[in-house]
Structure formats: C-alpha cells, structure tokens
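Asks: Just so you know, we're using full-length UniProt numbering here: the sequence shown kicks off at 1 and counts up by one.
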Amino acid sequence: MAKQQIKKAVIPAGGLGTRFLPATKAMAKEIIPILDKPSIQFIVEEAIESGIEEILIITGRNKRSVEDHFDANFDLEDNLKQKHKDKLLKMVEDTSLLNIQFKRQHYPKGLGDAIFQAKSFVGDEPFLLLLGDDIVVNAPGEKPLSKQMMDCYQTNLADDALLIAGASVPAKETSSYGIMTTSGNGEAGIYNIDKFEEKPQNETEEKLAAIGRYILPPEIFDAIEAIPENSFSGEVELTDAINHLAKGDKLKAYDYQGEWYEVGEPLGLLKASIQFALRHEETADGFREYLKNDIIPTLK
1 MAKQQIKKAV IPAGGLGTRF LPATKAMAKE IIPILDKPSI QFIVEEAIES
51 GIEEILIITG RNKRSVEDHF DANFDLEDNL KQKHKDKLLK MVEDTSLLNI
101 QFKRQHYPKG LGDAIFQAKS FVGDEPFLLL LGDDIVVNAP GEKPLSKQMM
151 DCYQTNLADD ALLIAGASVP AKETSSYGIM TTSGNGEAGI YNIDKFEEKP
201 QNETEEKLAA IGRYILPPEI FDAIEAIPEN SFSGEVELTD AINHLAKGDK
251 LKAYDYQGEW YEVGEPLGLL KASIQFALRH EETADGFREY LKNDIIPTLK
C-alpha cells in the first residue's frame, strides 16, 4: 500500500502576543509585518509552495484580523483596479484565493490543545504543522523547508514516524527552545531523537532546537487527549504529546541548514525585517546605504 501523501497543514495562531504589547492589544501578532508582508503570510506561502492543498489556521480571541487578511477586500480591489495598480491588485487578490479554513481555540490551554482543534480537519492523514513564530528562508533555487521534510518523509521514513525540523543553537540558548538530543550519522539530514525536552536548563553543549515545522501522524490527537496538563506550564504541551506517542526509532529530527528567524519575539522580528529589507527590490539599495552611512559608523 502506497504511503499517504501529505496534503493538509495546520497553523496555530492563537497566542496572545504579550511580548509585542502594546501593539498586540488591538491586532494579532501574526499580522505584524516583516517589511511589507504579515508574518503569517510567509508561513502560508511556504505551505502552498510545498504542495499543501488545504490549510487550517487555529485562531483565538482578537484574531479577526488574521481571517480578514486572507479574505477578499472588494473596496480595496476596486480602488486598485480604477487606479490601474495591477501589481498591487494581484498581491491583494492572491491572498484571498487560497484554500484556508479557520477554527477558534476558545481557551488558551497551550499548543497541544490548539493542535487538537484540528482533529476533524486532519482526519486519518499525516499532516504538516507550521508554527507561526518561525520564519525560514531558503537559498535561491532551494525547496522550502516544508517541502524538504515532506519529500524526506515520503522517501525515508515509516508511515507512523514523526519528523521535527531542527537547527543548531549554542548551549547558552537551549533554555529558550524545545531541544532535541540526537544520535545517528545524519544521512539525508535525518537523526534519531533520543530525548525531546521543552526549554531544558543547564545544557553544556550545542543542540538542535525545534524550529516550528513538524510532520505528525493522526495518532498525535490520541496522545494529546491522553496526557495531563504540564506540571510546570499548566498547559497541554505538544512536546509532552510527542514524547507520549513516539518511542524507539519513530521520532526523527531533520537538520535544517538555512536561515531561521524566531519572529515571535521582538529581536527576531527585527532581524528578519532587516534581512528582508536588504533583499527587497524597492528598499535594498537605499537601506544598505542608510546602514552604511548612518548606522554602522555609530557602532564603532
């Protein structure tokens, strides 16, 4: 029997965004732009470019702006048509033509609970999970990270395997991430995960940090139901559900070598914005000159 193709993606977007207050008092953090594009649009575009056919975004209270962003805006479209701003019109129209559904997480009970809201959407298929706080940038001509993982799953892994994207972080930063202790030779970028721990303390060496891309089997929902709330956070943690479900050689890490920005915190968002400004055709030259003449000299 042929392995099921991954056609569905889940994107949790229900967090309160407290690290971006007061900006997030009246707007979703996922709509905060990286230059000229909301961060969540980068996530959605990665999924679409990877071959995903259906997307479910899990929202929460005060997240209406996320739904509005991917909805049609007839007044704006009409205005752009009248002014013959065809390039801008296409940008606006493209965001509303995607096959995206929305479901609300009524209470903020953690990432595991948010993902559980996708149970009926996913059904009995493996699926792609993309966390909205993580933006990855591939080299020109390289496949999106999600596509790399999907191809890896189809070619190299068992049907019930779990695959988590990771990037190396120094020991001093491991307490900020979900951290994977791995083994194996890294063939095709794949390692066995011997231990998966949320924000461990006192690590002494470089480790792989989970960077917000997962391929999960439908059995993850049973695992989420089976686990108690985490004694430390008081929430239903995805890490706990993964550890409950995956034993032995089913849990794999995919070692990602490209750029990764954690845009769920201010410094990461700023770094991503600077990098994209240096690459954008309308801002690259002027911004580079600004940095060179006005900023870099002040840092010496």
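Ideal placement from N, C-alpha and C gives every residue a C-beta, glycine not left out. Owing to the predicted nature of the structure, the values given are computational and were not obtained by experimental measurement.
For the beta strand (DSSP E) holding residue 183, just list the boundary residues, first then last.
Replies: Mapped onto the sequence shown, residue 183 falls at position 183. Segment 178-183, the beta strand (DSSP E) holding residue 183.
Asks: Would you mind giving the Cβ-Cβ distance between residue 314 and residue 14, rounded to the nearest angstrom? I have them listed as a contact below 8 Å.
Replies: There is no way to answer for residue 314, as the model of the chain reaches only from 1 to 300.
Asks: What's the gap between the Cα of residue 263 and the Cα of residue 270?
Replies: Counting from one through the sequence shown, the residue named residue 263 turns up at place 263. Counting from one through the sequence shown, the residue named residue 270 turns up at place 270. Looking at the two C-alpha atoms, the distance is approximately 8 Å.
Asks: Sorted by chain position, which residues of the same chain lie with C-beta nearer than 6 Å to residue 20's C-beta, five sequence neighbours on each side aside?
Replies: Position 20 of the sequence shown, counting from 1, holds the residue named residue 20. If we look at residue 20 and ignore the five residues flanking it on each side, its Cβ neighbours are 29.
Asks: Counting only the same chain and skipping the five closest in sequence on each side, list residues whose C-beta sits under 6 Å from that of residue 268.
Replies: For the purposes of this step, residue 268 is identified with residue 268 of the sequence shown, where counting begins at 1. Within the same chain, residue 268 has close Cβ partners 261 and 262.
Asks: Residues bridged to residue 103 by DSSP?
Replies: Along the sequence shown, one-based indexing puts residue 103 at 103. Answer is 58.
Asks: Once DSSP output is grouped into helix, strand and coil, what is the label at residue 270?
Replies: Here residue 270 is taken as the residue at index 270 of the sequence shown, counted from 1. Note: residue 270 maps to helix in three-state DSSP.
Asks: On the DSSP letters alone, give me the boundaries of the alpha helix (DSSP H) that residue 47 sits inside.
Replies: If you number the sequence shown from 1, residue 47 lands on position 47. From DSSP, the alpha helix (DSSP H) with residue 47 extends over 39-49.
Asks: By the 10 Å Cβ neighbour count, where 16 or more other Cβ atoms means buried, how is residue 213 classified, buried or exposed?
Replies: For the purposes of this step, residue 213 is identified with residue 213 of the sequence shown, where counting begins at 1. Buried is the call here.
Asks: Name the DSSP beta bridge partners of residue 9, please?
Replies: Start at 1 with the first residue of the sequence shown, and residue 9 comes out as number 9. Beta-bridge pairing links residue 9 to 55 and 128.
Asks: Would you call the region 112-129 in contact with the region 214-222, where contact means no fewer than 3 C-beta pairs closer than 8 Å?
Replies: They touch, by the three-pair rule.
Asks: So, residue 52 versus residue 9, is the Cβ gap smaller than 7 Å?
Replies: Here residue 52 is taken as the residue at index 52 of the sequence shown, counted from 1. Here residue 9 is taken as the residue at index 9 of the sequence shown, counted from 1. Contact flag set, yes.
Asks: Looking at C-alpha atoms only, which residue of 67, 33, 26 and 22 is the closest neighbour of residue 12?
Replies: Translated into the one-based positions of the sequence shown, residue 12 becomes position 12. The residue with the shortest Cα to Cα distance from residue 12 is 67.
Asks: Going by DSSP, name the residue or residues bridged to residue 213.
Replies: In the sequence shown, residue 213 corresponds to position 213, counting from 1. Residue 213 pairs with 130.
Asks: With DSSP collapsed to three states, give me the class of residue 194.
Replies: As a working mapping, residue 194 is identified with position 194 in the sequence shown. Strand.
Asks: Return the CA-CA distance between residue 49 and residue 232, expressed in angstroms with no decimal places.
Replies: Position 49 of the sequence shown, counted from the first residue, corresponds to residue 49. Position 232 of the sequence shown, counted from the first residue, corresponds to residue 232. The straight-line gap from Cα to Cα measures roughly 37 Å.
Asks: Anyone know if the C-beta pair for residue 145 and residue 137 falls short of 7 Å?
Replies: For the purposes of this step, residue 145 is taken as the residue at position 145 of the sequence shown. For the purposes of this step, residue 137 is taken as the residue at position 137 of the sequence shown. Contact: no.
Asks: Below 8 Å, can you find three or more Cβ-Cβ pairs linking the region 242-256 to the region 180-199?
Replies: Touching, yes.
Asks: Assign residue 261 to one of three DSSP states: helix, strand, or coil.
Replies: Residue numbering aside, residue 261 sits at position 261 when the sequence shown is read from its first letter. Here residue 261 sits in strand by DSSP.
Asks: So, using beta-carbon positions, are residue 32 and residue 130 closer together than 7 Å?
Replies: As a working mapping, residue 32 is identified with position 32 in the sequence shown. As a working mapping, residue 130 is identified with position 130 in the sequence shown. Taking 7 Å as the Cβ cut-off, residue 32 and residue 130 do not qualify as a contacting pair.
Asks: Have a look at 82, 127 and 90 and flag the residue whose alpha-carbon is nearest the alpha-carbon of residue 151.
Replies: Indexing the sequence shown from 1 puts residue 151 at position 151. The residue with the shortest Cα to Cα distance from residue 151 is 127.
Asks: Three-state secondary structure (DSSP) at residue 168?
Replies: Position 168 of the sequence shown, counting from 1, holds the residue named residue 168. It is a strand residue.
Asks: I think residue 163 touches residue 153, with their Cβ atoms under 8 Å apart; what is that distance to the nearest whole Å?
Replies: Position 163 of the sequence shown, counted from the first residue, corresponds to residue 163. Position 153 of the sequence shown, counted from the first residue, corresponds to residue 153. Their Cβ separation, rounded to whole angstroms, is 6 Å, which keeps residue 163 and residue 153 in contact under 8 Å.
Asks: When you compare only the Cα positions, how much space is there between residue 149 and residue 282?
Replies: For the purposes of this step, residue 149 is identified with residue 149 of the sequence shown, where counting begins at 1. For the purposes of this step, residue 282 is identified with residue 282 of the sequence shown, where counting begins at 1. In a straight line, the C-alpha of residue 149 is about 32 Å away from that of residue 282.
Asks: Would you mind reading off the limits of the beta strand (DSSP E) that contains residue 254?
Replies: Locating residue 254 in the sequence shown gives position 254, counting from the first residue. Element bounds for residue 254: 251-255.
Asks: Does residue 109 come out as helix, strand or coil in the three-state DSSP assignment?
Replies: One-based indexing of the sequence shown puts residue 109 at position 109. Residue 109: coil per DSSP, three-state reduction.
Asks: Less than 8 Å between the CB atoms is what I'm expecting for residue 175 and residue 208, so what's the real figure, rounded?
Replies: Taking the sequence shown and counting its residues from 1, one reaches residue 175 at position 175. Taking the sequence shown and counting its residues from 1, one reaches residue 208 at position 208. Residue 175 to residue 208, Cβ: 14 Å. No contact.
Asks: So, under 8 Å CB-CB, residue 235 and residue 109 are touching, yes? Tell me the CB distance rounded to an integer number of Å.
Replies: The sequence position of residue 235 within the sequence shown is 235, counting from 1. The sequence position of residue 109 within the sequence shown is 109, counting from 1. That belief holds up - the Cβ atoms of residue 235 and residue 109 are roughly 6 Å apart, short of 8 Å.
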